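8 protein chains.
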Amino acid sequence: MLRATAIQQIGEIARIDLSRDIRKGFPEIILAEGKTSEDVIKIALNVLNEKGRVIISRVNKDLIENITKSVPINAIFNINEKARIITIKDKDFKIPKTGGRIGILTAGTSDIPVAEEAKTIAEEMGCEVLTAYDVGVAGLHRLFEPLREMIEADVDVLVVVAGREGALPTLVAGLVDMPIVAVPTSSGYGYGGGGTSALMAMLQACPLGMAVVNIDSGVAAGTIAALIANRAARFRETTP
Amino acid sequence: MLRATAIQQIGEIARIDLSRDIRKGFPEIILAEGKTSEDVIKIALNVLNEKGRVIISRVNKDLIENITKSVPINAIFNINEKARIITIKDKDFKIPKTGGRIGILTAGTSDIPVAEEAKTIAEEMGCEVLTAYDVGVAGLHRLFEPLREMIEADVDVLVVVAGREGALPTLVAGLVDMPIVAVPTSSGYGYGGGGTSALMAMLQACPLGMAVVNIDSGVAAGTIAALIANRAARFRETTP
Amino acid sequence: MLRATAIQQIGEIARIDLSRDIRKGFPEIILAEGKTSEDVIKIALNVLNEKGRVIISRVNKDLIENITKSVPINAIFNINEKARIITIKDKDFKIPKTGGRIGILTAGTSDIPVAEEAKTIAEEMGCEVLTAYDVGVAGLHRLFEPLREMIEADVDVLVVVAGREGALPTLVAGLVDMPIVAVPTSSGYGYGGGGTSALMAMLQACPLGMAVVNIDSGVAAGTIAALIANRAARFRETTP
Amino acid sequence: MLRATAIQQIGEIARIDLSRDIRKGFPEIILAEGKTSEDVIKIALNVLNEKGRVIISRVNKDLIENITKSVPINAIFNINEKARIITIKDKDFKIPKTGGRIGILTAGTSDIPVAEEAKTIAEEMGCEVLTAYDVGVAGLHRLFEPLREMIEADVDVLVVVAGREGALPTLVAGLVDMPIVAVPTSSGYGYGGGGTSALMAMLQACPLGMAVVNIDSGVAAGTIAALIANRAARFRETTP
Amino acid sequence: MLRATAIQQIGEIARIDLSRDIRKGFPEIILAEGKTSEDVIKIALNVLNEKGRVIISRVNKDLIENITKSVPINAIFNINEKARIITIKDKDFKIPKTGGRIGILTAGTSDIPVAEEAKTIAEEMGCEVLTAYDVGVAGLHRLFEPLREMIEADVDVLVVVAGREGALPTLVAGLVDMPIVAVPTSSGYGYGGGGTSALMAMLQACPLGMAVVNIDSGVAAGTIAALIANRAARFRETTP
Amino acid sequence: MLRATAIQQIGEIARIDLSRDIRKGFPEIILAEGKTSEDVIKIALNVLNEKGRVIISRVNKDLIENITKSVPINAIFNINEKARIITIKDKDFKIPKTGGRIGILTAGTSDIPVAEEAKTIAEEMGCEVLTAYDVGVAGLHRLFEPLREMIEADVDVLVVVAGREGALPTLVAGLVDMPIVAVPTSSGYGYGGGGTSALMAMLQACPLGMAVVNIDSGVAAGTIAALIANRAARFRETTP
Amino acid sequence: MLRATAIQQIGEIARIDLSRDIRKGFPEIILAEGKTSEDVIKIALNVLNEKGRVIISRVNKDLIENITKSVPINAIFNINEKARIITIKDKDFKIPKTGGRIGILTAGTSDIPVAEEAKTIAEEMGCEVLTAYDVGVAGLHRLFEPLREMIEADVDVLVVVAGREGALPTLVAGLVDMPIVAVPTSSGYGYGGGGTSALMAMLQACPLGMAVVNIDSGVAAGTIAALIANRAARFRETTP
Amino acid sequence: MLRATAIQQIGEIARIDLSRDIRKGFPEIILAEGKTSEDVIKIALNVLNEKGRVIISRVNKDLIENITKSVPINAIFNINEKARIITIKDKDFKIPKTGGRIGILTAGTSDIPVAEEAKTIAEEMGCEVLTAYDVGVAGLHRLFEPLREMIEADVDVLVVVAGREGALPTLVAGLVDMPIVAVPTSSGYGYGGGGTSALMAMLQACPLGMAVVNIDSGVAAGTIAALIANRAARFRETTP
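Line by line, the protein sequences are chains A, B, C, D, E, F, G and H. Residue numbers for the first sequence follow my numbering, beginning at 18 and rising by one. Residue numbers for the second sequence follow my numbering, beginning at 18 and rising by one. Residue numbers for the third sequence follow my numbering, beginning at 18 and rising by one. Residue numbers for the fourth sequence follow my numbering, beginning at 18 and rising by one. Residue numbers for the fifth sequence follow my numbering, beginning at 18 and rising by one. Residue numbers for the sixth sequence follow my numbering, beginning at 18 and rising by one. Residue numbers for the seventh sequence follow my numbering, beginning at 18 and rising by one. Residue numbers for the eighth sequence follow my numbering, beginning at 18 and rising by one.
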């Protein structure tokens, strides 16, 4: 009962693309949350074996304990506990540097884990990442200096991470002309807590030039930012 | 950048299915809401021309006025104003009778338009439809007689339409053993109004054997019910 | 800036009131939730000392352990663990029987703790309480027998406790003519879980003659039901 | 496929009750909202013919215009435009006085239509109704006088109607010992507008002795209040 | 069943109070929304007669048309159509100047009606009001100049009005040390539209020194701001 | 006060059905969640004794530990820990094979427990179940192969289980013509997490032919799917 | 009480900035919604005079009628009625072509207005825009052909517009490696209607590489997409 | 792409600002929630070293244990466990008394921690604070006496803390003419629990003169109240 004709045509389209190597910049990322440690480890080792690299996000203590025992001896194991993210790579795995450049800002200190998650992904996708944490709206002077440095470093995209009222992306978008990926975090309590207020603010933002990922989604932010930066870097790097 | 290998394999799978005539029982249904009358009419006449039949749901007065002027002379034009649904067919278009049998119940009189929408779709898909309207929980005796008749007519599936607290599907599901498609309607005001309470109740229902479509979705209910009934009738009809 | 004279006099009045015995049918009920065990015990012993009786609702294990050590030797200590409610009374405290009669029904077994909470309060307010648990809509025959018994016992009010889709009060209200206090419980998961669906259903209910208390509020249900029943019994008792 | 045994037992239970005249105190009430004027009028005239009385709530202008033309000459037609409620009665229809007594309070002037709706229903169910409108919390002195009068008139139940923050039932419940039916109204804008805040407040209320009906549900409030009052009056009236 | 003595005396007190002039700084404000034009006009003329001044907020066209015909000849009638607010005063009514000073800022032009509503109330309560509209976060330079002027004018409190993501109060609170009343407006569409996002942002705001009124509540903002400013001015004015 | 006449007529209707054995295809399923282990075990053993089979869903560790000690020696005890479901049967209990055929698909690995729950129920109701897990939208090629196999096996209904954005049912419904039961799961975090987004997507789905059960409701999905499949198989099996 | 020196200097800076031409790639866009026609026209003519171009989004009929009368004779006036967007330019205003390339896809026909809004903005920002409308998930073959063309045209970013269940971005993101800006539209009714379901789905999407703008925000989508594309084109254009 | 000159100068300004003492009335307050104990302690000691005082709110047991070990010997360490707030001050740090006066009321005992948090902040900002706890609406006489005392003490502002239905601020605002800061608390369960109902009620409140902070935000309430009171005291103190 498949719509046969349609699918056949899809096949023809696809055949043209067949010989090209696609999605090569994408690392495999396993979301640990909602899976048993056993399942995560099994999938991770499998991916590591096939691709030479695997990233696991939102890991918990149980998983960390168990996976350290299971990682092959010659693999390079890296864990960012704040960001709750693990990377495992073959000794000889090399991240291809793309030349893409990303700036990551956080409003507060409790936003740092999400920023670090984004940074890990972006670096694994070949980007150079500049960071400036805790530069929130309450003290404008903390923001301007690092923002100027990022602009002078000619970053291709900004990732702006903020919780509670989520006003930092609005402020930054009013100051710069580059694409901004806004990331709400689940800090804050009471009405609008858990990231709702920040998400809304970023979607409602008056200044243009901003798009948003889900609450606490450092992985999503890192990926889209790296795609943007890598595309921007395609010709810059080869330009003499 | 399409995932080439994947698509190629999809093509192979599809090729096998190619010579078969699929989805033939499905009429084309245009949701008028959210489209201009002009767009709806253009699409509708196109479908009518190609398939010999078109159904338009959620029509408004403006569309009705304009489409009556545009329908070809020899087409059979049918409008159910309460259900806000139009069918247009070539003079020689025949609905293939499937033998599928559906019973439709509503809790109140304000649920009837949604029930009629479901009925129109189910009949266009070849089913026989029995209806009993305004048989809600407040008066049990109004419910049992038509329910018994439907059981004796050996219907294959029940569509139960209810608004406000949406208790009728729960009651019916506690009494019968056949599959039930529950349809919440947007009647009711205050907290839980607009169909929210009815939808929740149907999803929370304790008695088993029920699945739900969205608020006021007579079209969705009619389609799934017809698919269930037609499948149940496949062999019954040919059984001597 | 305040209506000074008024307040001054009100303050004096209040002082007068303290010595009068008003609201005498009402037992003192302490909501333990949100207070420290120490605070609850201190308040409870104080009330017990002044009034000869205290009721504590929504108790947890920590409170139970600590309060058992603190209760005076000659007090009568009663705990209903399912309902998480404690009553402590002076040995010679007598609940004045009012003659009020209440019927309590639950849809499922997980609704019983809330029903028991209501029952405790109603009995402490002098009512006679009939109960029938797990008589939900899925099996009508389980409902009719106890309902008939309650009607024959001439209860003054029904308390109907139900979770998930909360259809039982609707069904009961369609069958009887007496006032119904509907109590949603926080059973059920998914969309409409935690009592939301049941609360909505009870507020949206088509059959009339019903009012609602908050989710899991056995105390509120017991109190209003007792007030209704006691009022109904005022003259019945004295009627020869 | 009906659960036969269950139903049979239901039949036996019911047979006993058979010869009694039930639900006689309940007037037939048609909710006009969500129905066409034609449907409402047809149903209404039918009810009027059979029962000698019909009540129609939530009427709109179109219905009022059309129904006035359709009402039989010798019927007594009554319309409360603010409350949007119509009663039609045979010339010789008599409301049986029950002796039940109800007090209705509103917080503001915009709550009056809902209060009037409740009053109409309660009076049609045979009760005597005292009212005091616009006695909200902002001015305590406006509340105490009418409240005292109601208590002295020995009303059996209070209906307290309030919108916005819905604080009046809380205040009243802290002052009296009789059952309270709280009715939230859809006044108020912004966060918590449309009656949400008032409904929540009434369900969260600290003082006990209160149950709630849905937002703007004057009909539901009037019915439950009349049931409570009529029950309370059963023996009072016959007590010498 | 009521604390009879208390209430009785309270009633008497209230009677006394009626003759006293309390809350004299407060103008009488009638919320027109949710009331019929007839009711509003009747109440308004009554207040005007007793107090020499009346304010009506959230007026619509129908009310404006009708009230202009009803205002006494010698009254001073003032209407701010954007703010939908009317003030009517006796020819010889004088607003007592308090010396309180308020600064009102809006983020955008669509926030101006709410700001004007607040301004009207504050001026009627005797305050001097400075305004700077459309100074939102997207262009910081538009904000700083008027903010500096307000500080130099030594305003006692700032009212900051903003819709959509509501970031302006956050930014202002990070820059000044005076109390801020934040007012969300119902501008903005999509997720967080209708003022929800702005309200949340203001409640979640990281910088301290801010309190919030409901969405579009210019009246509430004007009142609390005037109370704050008038209190601050109590001794300043008399200080030599 | 029961509506006597109504019930009597219900009795007559039911009497006809009396001698038949109804609902025989339905196993007894106890929802453990919200009940104490003691209560669950007591009910379960009772059902096992009467029916020869009992199913317990949403079991936790405490229940598993305790029930294993209580199960009669000669009963067959089966536990699916991922699906948190237990079946207990008499040694000689035989599931009557119906010939109904169901295909179950999951989008991800974290959806498998819910799929397994559905599978257990469907098999206990006599169906044959084909499964294909982790075939989500991100990789189309993983989906087409198993989907083709299910179509070739002529399954009567598909159960499609998905969390997060819940797009798989939409995609599948665009490809096949058979009835689909969509099951949202509570995977995913942030806005739309906990299954909300998946549930909405399934109710909003553009392709027709789908109905939905509540979040994580494997039991509900298994039951309705089995009813559909068993009905479809009624005559197929007997067709020569 | 303010950091006075800072503000003073910022004020001066701002004055300096006013004469500089910053953010030159950004056209001025006025959101007409929530403003009076008079205000919009006044602001628009002012911007047109200063910048030589102005864009007005979300225009209504009243504004269109009035603005056509006010536009200077030698200005080029352009209106896209579906997209409700107006551009007005000096005769000699030239959009600087950036070489950025954007592909825009819509799932249905009712998503086209939002897509057109995005297209207008992107073109005004100098980009080349390819479009393919009504290529939703229900018919995969409609999607693949235009998607292949966009990939072959080497677009820098995709804008994917979808309402109801919003599954198209998920499907596209599973097929391509370029950045995706997902735009939910407010089509769809019932639970999850008004764009909520689509927004959630896009934020929850499993495939990575996607960021989201608010419901119906064609302007926001066009701006961020143009920023991404223009950055990607910076060096491509100059590369020999 | 940034307004480069502006930022550069702002950067320099900020640097200048660092040496100036601004916002001197504001203590530094660290929100511990959402940060690791290590981070909190590091920041706290740094602030203590620079400012001579630090306040930490929303502390948990782990933080308390660890920080007590880290506090310098000669610092004055103060912890309010109920309010979960810590103050650490140099031995010779003196709070400058401002003469501002604040009254704090709570409706119930479970609101006391939030009140204590507000009190701590207000006192650290130099105010004198009067408190009256557990004076909720259920017993008016408990409210009037302390309210009168606060008025006689001429407090400048009232902080009114209440959970559940949050009616106390409404009642108080109807009685006094001074500014009120209303604080909802997260007490209460069921519909409207967690502070939602109280927050809504305070935003919807009919009596004017009130502004609101977020649920449980004692810190925010204390700060705004202190700003109001300190401003009111500016000239009073110097007035002879």
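Idealized CB from N, CA, C, for every residue including glycine. Treat the numbers as computed from the prediction; the structure is a model and nothing was measured.
Asked, Found
"What does D233/C reach in chain D if we use C-beta pairs closer than 7 Å?", "What D233/C touches in chain D: nothing, since even the nearest Cβ is about 11 Å away."
"Given a threshold of 16 other Cβ atoms within 10 Å of its Cβ, counted over all protein chains shown, does D194/A qualify as buried or as exposed?", "buried"
"If we define contact as Cβ-Cβ less than 7 Å, is S214/G a contact residue for chain F?", "yes"
"Less than 7 Å separating the beta-carbons of V178/B and T123/B?", "yes"
"Going along the chain, which residues of its own chain have a beta-carbon closer than 6 Å to the beta-carbon of G205/F, five neighbours each way excluded?", "G180, R181"
"Buried or exposed: which applies to K99/A, given that a residue is buried once 16 or more other Cβ atoms fall within 10 Å of its Cβ?", "exposed"
"Can you tell me whether K41/D is helix, strand or coil according to DSSP?", "Unreliable placement is indicated for K41/D, whose pLDDT of 49 sits below 50; no coordinate value is reported for it."
"Here's the rule: buried if 16 or more other CB atoms are within 10 angstroms of the residue's CB, otherwise exposed. What is A237/F?", "buried"
"Report yes or no: is there a C-beta of chain B within less than 7 Å of the C-beta of Y208/C?", "yes"
"I'd like to know whether the C-beta of A250/F is nearer than 7 Å to at least one C-beta of chain A.", "no"
"For a test of the three-state rule: what should DSSP assign to N95/G, helix, strand or coil?", "strand"
"Would you kindly work out how many angstroms separate the C-alpha atoms of R165/D and G117/D, rounded to a whole number?", "18 Å"
"Among the candidates T115/F, S214/F, I81/F, whose CA atom is the shortest distance from the CA of I58/F?", "I81/F"
"Does the distance from the C-beta atom of V154/E to that of G191/A stay below 7 Å?", "yes"
"Check the Cβ of G211/H against every Cβ in chain E and list those closer than 8 Å, keeping chain order.", "Within 8 Å Cβ-Cβ: nothing; G211/H doesn't reach chain E, min ~14 Å."
"Going by DSSP, which residues form a beta bridge with M195/B?", "The partner list for M195/B (beta bridge, DSSP) is empty, contrary to what the question assumes."
"To the nearest angstrom, how far is the alpha carbon of G235/G from that of V131/G?", "5 Å"
"Grab me the residues of A139/C's own chain with a C-beta within less than 7 Å of its C-beta, minus the 5 sequence neighbours each way, in chain order.", "I119, V146, G239, A242, A243"
"Here's a check: name, in chain order, each residue in its chain whose Cβ is nearer than 6 Å to the Cβ of A160/C, leaving out the five neighbours to either side.", "Per the sequence shown, the amino acid found at residue 160/C is Leu instead of Ala. If we look at L160/C and ignore the five residues flanking it on each side, its Cβ neighbours are V152."
"Where does I170/C fall in DSSP's three states?", "Reading the sequence as shown, one finds Ala at residue 170/C and not Ile. Residue state, collapsed to three classes: coil."
"Specify the secondary structure class of P201/D as computed by DSSP and reduced to three states.", "strand"
"State the start and end residues of the unbroken beta strand (DSSP E) segment that holds I10/B.", "No information on residue 10/B is available, as it lies outside the stretch 18 to 257 that chain B covers here."
"Quick check on P201/G: buried or exposed, where buried means 16 or more other Cβ atoms within 10 Å of its Cβ?", "buried"
"Does the beta carbon of T126/D come closer than 7 Å to any beta carbon on chain E?", "yes"
"Closest by CA to D173/E, which one among L48/H, A199/H, A249/H, G69/H?", "A249/H"
"With a threshold of 7 Å on Cβ separation, who are the neighbours of V88/H within its own chain once the five nearest residues in sequence on each side are excluded?", "F94, I105"
"I believe I96/E touches I103/E by the beta-carbon criterion, under 8 Å. Please report the beta-carbon distance rounded to the nearest angstrom.", "5 Å"
"List the endpoints of the continuous beta strand (DSSP E) containing M227/F.", "227-229"
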